[in-house]
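Visitor:
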Amino acid sequence: MEEEGEGELPPPPPAVETELDYISPQYQTPFLRNLLTLRLWSMFWTLFCLTGAEFVTINYSSYILGAINGKPTEQSMRTMLNVINGAGSAVGRLGMALFEYITQHRPPEKRIPMTWAPMFPTTLCLISLILLMTVPASVGPLAYVLLALSNGAQAAQTVLVPRVIYAKDPAKHYNFCFCACVLSSILLVRVLYAEWYNRKAIETGGIKGYCFGRVCVMMPLGVLLGLVCTTILSNLYLHVKYTRFCSKMLAERRQVRQKTEADLVFVAEVKKTF
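So this is what it looks like as structure tokens:
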């Protein structure tokens, strides 16, 4: 009789684990080297345009709605806008965190690259700006719901995207992205919106510095809409470059696993022979 277990196939070798089983592929270059790449500057441009549009429309929501409606915004509406902004921003941050959690806990080959994240706030901001420029003031709160979600998602992806795709100097990458927010608050809020609004308030004889009429805000909103449209290109550029990098790293991972597993099988056969 054959001995028990004789003729049975040997158990398969254990799966070889690599770093990519736990984290997404990351660029290993330092911050100063990344400054010479369009990847980092495309991220900077996206944040510059998005934060500028959100700063203008959210921080001056009562002024914009008053201009669209042709009369001062009531205190109840101001309160509701503040509530919408706070709640919507929180939901946007949680949604982006949930997206990051789900995609990072999938197998490496099935993960959704984090570079898709900026497309969410970009799309919401585009829709909001179009609504503010075209619909009556009574529909304005709907635009601000989308803007609040965009604001929260944008704030979350400012932290997540650089940390996920860059392995070195996370603080420097984050501070560089934060510089885009500072620059946008100066150029787009103070120079673009405030100067135009004040000039139109003087021309139209606005009361206590307020300006009523769509002419007071259409030019800044139109410029912001154009800037946000350009972020679609910067988002796609970053996504394409990172996706190609991920494909290359995953291909190397497959080769390493195949070679290691082949070596393990060979060692097992040698042990079986002796």
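To convert, note that position 271 of the sequence shown is 273 in our numbering; the numbers rise steadily by one, no gaps.
Heads up, the beta-carbon is just placed ideally off N, CA and C, and yes, glycines get one too.
Bear in mind the structure is a predicted one, so any value in this text is a computation, not a measurement.
Report back the beta-carbon spacing between residue 86 and residue 150 to the nearest angstrom; my notes put them in contact at under 8 Å.
Guide: The count along the sequence shown starts at 1 and reaches residue 86 at position 84. The count along the sequence shown starts at 1 and reaches residue 150 at position 148. About 5 Å separates the two Cβ atoms, so the contact holds.
Visitor: Which residue from 232, 252, 222 and 241 puts its Cα closest to that of residue 118?
Guide: Here residue 118 is taken as the residue at index 116 of the sequence shown, counted from 1. It is 241 whose Cα lies nearest to the Cα of residue 118.
Visitor: In whole angstroms, what separates the C-alpha of residue 109 from that of residue 222?
Guide: Sequence index remark: in the sequence shown, residue 109 carries index 107 (1-based). Sequence index remark: in the sequence shown, residue 222 carries index 220 (1-based). If you take the alpha carbons of residue 109 and residue 222, they lie about 45 Å apart.
Visitor: Tell me which same chain residues have a C-beta within less than 6 Å of the C-beta of residue 65, skipping the five on either side of it?
Guide: What you label residue 65 is simply residue 63 of the sequence shown in a count that begins at 1. Counting only Cβ-Cβ distances below 6 Å, and skipping sequence neighbours, we find nothing.
Visitor: Would DSSP call residue 146 helix, strand or coil?
Guide: The count along the sequence shown starts at 1 and reaches residue 146 at position 144. Three-state result, residue 146: helix.
Visitor: Does the Cβ-Cβ distance between residue 155 and residue 123 come in under 8 Å?
Guide: Position 153 of the sequence shown, counted from the start, is the residue given in the question as residue 155. Position 121 of the sequence shown, counted from the start, is the residue given in the question as residue 123. In this structure, residue 123 lies closer than 8 Å to residue 155 by Cβ.
Visitor: Just checking, does the segment 171–185 make contact with the segment 30–42 on the three C-beta pairs under 8 Å criterion?
Guide: The segment 171–185, when compared against the segment 30–42, does touch it at the 8 Å Cβ threshold.
Visitor: Starting from the C-beta of residue 73, find all residues in its chain whose C-beta is less than 7 Å away, skip the five residues before and the five after it, and write them out in chain order.
Guide: In the sequence shown, counting from the first residue as 1, residue 73 sits at position 71. Counting only Cβ-Cβ distances below 7 Å, and skipping sequence neighbours, we find 214.
Visitor: So, with DSSP's three-state summary, where would you put residue 212?
Guide: For the purposes of this step, residue 212 is taken as the residue at position 210 of the sequence shown. Coil, per DSSP.
Visitor: Can the beta-carbon of residue 244 be found closer than 8 Å to that of residue 167?
Guide: As a position in the sequence shown, residue 244 is number 242, starting the count at 1. As a position in the sequence shown, residue 167 is number 165, starting the count at 1. The answer is yes: Cβ separation under 8 Å.
Visitor: Can you give, in chain order, each stretch of the alpha helix (DSSP H) that sits fully within the segment 64–141 and has at least 4 residues?
Guide: Fully enclosed alpha helix (DSSP H) runs of 4 or longer: 77–106 and 121–136.
Visitor: Give the secondary structure of residue 176 by DSSP, where H, G and I count as helix, E and B as strand, and everything else as coil.
Guide: For this step, residue 176 is matched to residue 174 along the sequence shown. The answer is helix: DSSP assigns residue 176 an H, G or I state.
Visitor: Assign residue 230 to buried or exposed, taking buried as 16 or more other Cβ atoms, counted over all protein chains shown, within 10 Å of its Cβ.
Guide: On the sequence shown, residue 230 is found 228 positions in, with the first residue counted as 1. Under this definition residue 230 is a buried residue.
Visitor: CB-CB under 6 Å to residue 133, same chain, minus the five flanking residues each way: which ones, in chain order?
Guide: Walking along the sequence shown from the start, residue 133 turns up at place 131. Here the set comprises 145.
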